[in-house]
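Peer 1: Counting with mature numbering (1 follows the signal peptide of the UniProt record, and there is no 0), you get residues -22 to -1, 1 to 92 for the letters of the sequence shown. Note that CB positions come from ideal geometry on N, CA and C, so glycine has one too.
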Amino acid sequence: MLNSYRSGICALAVATSFIAGAAQAESHVVLIMEGGYFPAVTYVSAGDEVIFRNESGATHEMGGPEDVWSSGPIGMDGTYHLSLSEETPLVFTGVSGGIEMQGEVSYDTPPLSE
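Below, the structure is given as structure tokens:
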């Protein structure tokens, strides 16, 4: 009886750890560079967070289409945190030195993960 109880507790602990691990959000860093974003495409899951880090040497502002979201001015070496949901647009844009820059988040499987 005691062994059966221990087995049940062990199985419950293992199942709980798998569920908790699957539900954990990840953070992804996108560098704001002079002339572009790196990486240009960031592979994410709903609930993840994208951290934009400005390494362009100038203040930068970016946002989603139709101003769905806007970072406001991000100073040099500053960051902006964006929490993703199903409604977050997949494309973001900004302007650097008069040149429009574009980046993207994708819910697809990353090409090198297989």
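Can you give me the Cβ contacts of E4 inside the same chain, cut-off strictly under 8 Å, excluding the 5 residues immediately before and after it?
Peer 2: Correct list, in chain order: V22, S23, D26, E27.
Peer 1: For E78, which three-state DSSP category applies?
Peer 2: Note: E78 maps to strand in three-state DSSP.
Peer 1: With three or more C-beta pairs closer than 8 Å as the rule, is the segment 72 to 87 touching the segment 7 to 18?
Peer 2: Yes: at least three Cβ pairs fall under 8 Å.
Peer 1: Evaluate T20 with the Cβ neighbour count: other Cβ atoms within 10 Å of its Cβ, from every protein chain shown; 16 or more gives buried, anything less gives exposed.
Peer 2: Label assigned to T20: buried.
Peer 1: Which of the three DSSP states, helix, strand or coil, is assigned to E64?
Peer 2: It is coil, neither helix nor strand.
Peer 1: Which of helix, strand or coil does DSSP assign to E44?
Peer 2: E44: helix per DSSP, three-state reduction.
Peer 1: Which residues mark the beginning and the end of the beta strand (DSSP E) in which E27 is found?
Peer 2: Run containing E27: 27 to 32, per the beta strand (DSSP E) assignment.
Peer 1: For S63, which option in R31, H38, Y85 has the closest C-alpha, if you only look at C-alpha atoms?
Peer 2: Of R31, H38, Y85, the residue nearest in Cα terms is Y85.
Peer 1: I need the boundaries of the beta strand (DSSP E) containing H6, first residue and last residue.
Peer 2: Looking at the DSSP string, the run of the beta strand (DSSP E) that includes H6 is 5 to 11.
Peer 1: Can you grab the Cα-Cα spacing for the pair V46 / M54, in whole Å?
Peer 2: Distance between the alpha carbons of V46 and M54: 24 Å.
Peer 1: Return yes when at least one heavy atom of the ligand HEM lies under 7 Å from the C-beta of T57, else no.
Peer 2: Of ligands this structure carries none, so the ligand HEM is not represented either.
Peer 1: Please go through the same chain and pick out, in chain order, the residues whose beta-carbon is closer than 7 Å to the beta-carbon of Y58, but skip the five residues on each side of it.
Peer 2: For Y58, where only same-chain residues beyond five positions count, the Cβ hits under 7 Å are F30, S49, I52.
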